[in-house]
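Note that this note's numbering has the sequence shown beginning at 4, numbered continuously upward.
Using N, Cα and C, we set each Cβ at its ideal position, and we do this for glycine too.
First the structure, in the form of structure tokens, and then the observations on it.
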Amino acid sequence: MQRATITLFFLLNLAACGGGGGGGGGSGVDPRLARLDVYEAQKLRVLGDPGAGVMGMPTTNDANVPTAGALDFSGSGTIRVETGTAPLVIFGDASLRVDFDNGNATGAIENTFGTNRTDDVVDYDGRISLQGNTVGQNMPLNYAGTLSEGDQTLGFDGTLTAVLLGNPTAALSGADLEAEIDQNGVMRSGTLVITMEETDTP
4 MQRATITLFF LLNLAACGGG GGGGGGSGVD PRLARLDVYE AQKLRVLGDP GAGVMGMPTT
64 NDANVPTAGA LDFSGSGTIR VETGTAPLVI FGDASLRVDF DNGNATGAIE NTFGTNRTDD
124 VVDYDGRISL QGNTVGQNMP LNYAGTLSEG DQTLGFDGTL TAVLLGNPTA ALSGADLEAE
184 IDQNGVMRSG TLVITMEETD TP
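See the structure below:
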């Protein structure tokens, strides 16, 4: 339900700005709308929507967790920062390569956009790196980086837990539901969630 509310909020804001900072060259259609549609469709495939009777992917069984080779995942990252007034909600492209031979994982959340302190929808500069040294089920991923727009800078430094989904593994979802985020020197609570599907990249 919260996911649907956040998406509706964004759709209304993007429609109101008529193309905004990331607009489509005078067409009046903001390309970020299409990205939100892609993100939400993927979340529905991977996580489902129990309230609508849509089942998500099951957790990968222990016997099906890869022990060799590598898997590439791509999808989205969603960040929520509690500011004491209206929260900041930020979306971006997420990618992750999990190398089962070397026992590490590397990726990033980048190309981000979302609300700012005046509830405008804006593009954010910067990226958040993802790094793990233990791969498999319930995989810890360290995240770190900064996102900025205007006079606002958000700093990230924490750990999320990622779960492999599907039999065989076809997706990955991870979250830090108690994130501590630095907003211009003030620590804020928040959440960081990634949802990705395996891309069959050689």
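- In this structure, residue 68 and residue 172 form a Cβ contact; the two beta carbons are roughly 7 Å apart against a cut-off of 8 Å.
- The segment 150-162 and the segment 52-63 do not touch, with fewer than three beta-carbon pairs separated by less than 8 Å.
- For residue 111, the enclosing beta strand (DSSP E) begins and ends at 107-118.
- Cβ contact annotation for residue 196 (same chain, cutoff 6 Å, sequence separation greater than five): 81, 178, in chain order.
- Your pair residue 198 and residue 78 checks out as a contact, with CB atoms roughly 5 Å apart and the cut at 8 Å.
- With a cutoff of 7 Å on beta-carbon distance, residue 115 and residue 127 are scored as near each other.
- When the beta-carbon positions are compared, residue 192 and residue 85 come within less than 7 Å of each other.
- Residue 73 sits away from residue 33, with the two beta carbons spaced by 7 Å or more.
- Assignment of residue 140 by DSSP, reduced to helix, strand and coil, places it in the coil class.
- In this model, residue 133 and residue 93 are separated by some 17 Å (Cα to Cα).
- For the pair residue 100 and residue 75, the CB atoms are nearer than the 7 Å cut-off.
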